[in-house]
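Asker: First the structure, then my questions, so here it is.
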Amino acid sequence: MKISTKGRYGLRALIDLAMNSTEGCASLSGISLRQDLSLNYLESIFASLKRAGIVIGIAGAQGGYVLAKPTSEITLRDIMTVLEGDMSVYDNLGEKTEIRSFLNRNVWDVIDRGVDEVLTGTTLEDVLKDIEARHTSADCSEL
Amino acid sequence: MKLSTKSRYALEGMLYLAIFGNEKLLSIKELSAGIQVSAAYLEQIFFSLKKAELVSTVRGSKGGFVLNEDQDEITVGKIIRAMEGNMVPVECIHSLSACKSKVRSNCVSRNVWIRISSAISDTADKLTLRELKERYIAENGGEAHENLD
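In the order they appear, the protein sequences are chains A and B. Residues 1 to 143 (the numbering used here) make up the first sequence, in order. Residues 1001 to 1149 (the numbering used here) make up the second sequence, in order.
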């Protein structure tokens, strides 16, 4: 029940992009340095994110990527669907028995709905605010 | 983000045991017929459940498996953890040192994984075998029928 490398690295990279492209675009090499992620891997992740309309690539010497939409309009669900595909905790094995279809409805679907509520209810803007709030409280605790 | 079939069959087996294992003890063979999972695979699964002390075995010709704890105490979460080791979607939630990244102490994404993990455990740690058993029996018109091969 694990999120793949693509999901983990991809979200980290995208949050980094959101933080660092408020004035112009962010380069993959910058993200690679700040997030300790390989440039090759980032190129393949950003190709997927670009195809899905989450980021826009900007060509040229000063080029890089920007978000295609405001952070308030990109949900975790939009992002994870591109990076992970289906986020359900189970595959349909065929409902061979009464117990299996019962558990699909009463346990696994309920877990899926809980996860989906978090994914649809959290935007990239929420994630950034949360990071900022934690920085602020960390700064204050040093005083 | 899929659960292993081991976890799913473990829950199926445990629920089957909760529903049908009161009158008599159930063997691997009976459990296997009941949930339609091969006896060899189910044997491995129940070995893990036994190691996690969720079930124990009674020897003898009428022997079989019994639930170790009260059905109110056995949650879906306990069963998943027994099978998977933990129930987190990303290892860093369980232990930050599992992350080998240089930037782990300033990780920008860990909080997202924590939220998703809480959504999973909120449901899984609340659902008990007793509740599931009662709901199952209610859905089947007050009675449940054992699958006998």
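Glycine residues also receive a C-beta, built at the ideal position from the N, C-alpha and C atoms. Given the structure is predicted, the values throughout are model-derived calculations rather than measurements.
1. I'd like to know whether the C-beta of residue 1119/B is nearer than 8 Å to at least one C-beta of chain A.
2. List, in order along the chain, the chain A residues whose C-beta lies closer than 7 Å to that of residue 1058/B?
3. Going residue by residue through the stretch 29-112 of chain A, where are the continuous alpha helix (DSSP H) segments of at least 4 residues, counting only ones entirely within it?
4. Entirely within the stretch 1013-1081 of chain B and at least 4 residues each: give me those alpha helix (DSSP H) ranges in chain order.
5. Secondary structure at residue 26/A, three-state DSSP: helix, strand or coil?
6. Would residue 1151/B count as contacting chain A if we go by Cβ distances under 8 Å?
7. Indicate whether residue 1125/B and residue 1060/B have their beta-carbon atoms separated by less than 8 Å.
8. Identify which residue in 1040/B, 1111/B, 1022/B and 1028/B has its Cα closest to the Cα of residue 1089/B.
9. What residue does the alpha helix (DSSP H) around residue 16/A start on, and which one ends it?
10. In the DSSP assignment, find the alpha helix (DSSP H) that holds residue 1135/B and state where it starts and stops.
11. Which chain A residues sit within Cβ distance under 7 Å of residue 1016/B?
12. Does the stretch 97-111 of chain A come within contact of the stretch 48-68 of chain A, defined as at least 3 CB pairs closer than 8 Å?
13. Does the distance from the C-beta atom of residue 15/A to that of residue 127/A stay below 8 Å?
14. Residue 1092/B lies in the alpha helix (DSSP H); which residues open and close that run?
15. Hey, does residue 92/A have any beta-carbon neighbour from chain B nearer than 8 Å?
16. Considering only their Cβ atoms, is the gap separating residue 1064/B from residue 1025/B smaller than 8 Å?
Answerer: Quick look at the numbers:
1. Mapped onto the second sequence, residue 1119/B falls at position 119. Chain A, which has a Cβ nearer than 8 Å to the Cβ of residue 1119/B, makes this yes.
2. For this step, residue 1058/B is matched to residue 58 along the second sequence. Counting only Cβ-Cβ distances below 7 Å, residue 1058/B has no contacts in chain A at all, with the closest Cβ about 23 Å away.
3. 39-51, 76-84 and 98-103
4. 1028-1035 and 1039-1051
5. Along the first sequence, read from residue 1 onward, the residue named residue 26/A stands at position 26. It is a strand residue.
6. Beyond the ends of chain B as shown, which are 1001 and 1149, falls residue 1151/B; an answer cannot be given.
7. Residue 1125/B sits at position 125 when you count from the first residue of the second sequence. Residue 1060/B sits at position 60 when you count from the first residue of the second sequence. Their beta carbons are not under 8 Å apart, which means residue 1125/B does not touch residue 1060/B by this criterion.
8. Translated into positions along the second sequence, residue 1089/B becomes position 89. The option with the nearest alpha carbon to residue 1089/B is 1111/B.
9. Along the first sequence, read from residue 1 onward, the residue named residue 16/A stands at position 16. Looking at the DSSP string, the run of the alpha helix (DSSP H) that includes residue 16/A is 5-20.
10. Translated into the one-based positions of the second sequence, residue 1135/B becomes position 135. Looking at the DSSP string, the run of the alpha helix (DSSP H) that includes residue 1135/B is 1129-1139.
11. Translated into positions along the second sequence, residue 1016/B becomes position 16. The contacting residues are 99.
12. Flag = no, the stretch 97-111 of chain A and the stretch 48-68 of chain A do not touch.
13. Here residue 15/A refers to the residue found at position 15 of the first sequence. Here residue 127/A refers to the residue found at position 127 of the first sequence. In this structure, residue 127/A lies closer than 8 Å to residue 15/A by Cβ.
14. For the purposes of this step, residue 1092/B is taken as residue 92 along the second sequence, with counting starting at 1. Here the alpha helix (DSSP H) through residue 1092/B covers 1091-1094.
15. Taking the first sequence and counting its residues from 1, one reaches residue 92/A at position 92. No, because no Cβ of chain B sits closer than 8 Å to the Cβ of residue 92/A.
16. Your numbering for residue 1025/B matches position 25 in the second sequence. Your numbering for residue 1064/B matches position 64 in the second sequence. Yes, the pair counts as a contact, with Cβ atoms nearer than the cut-off.
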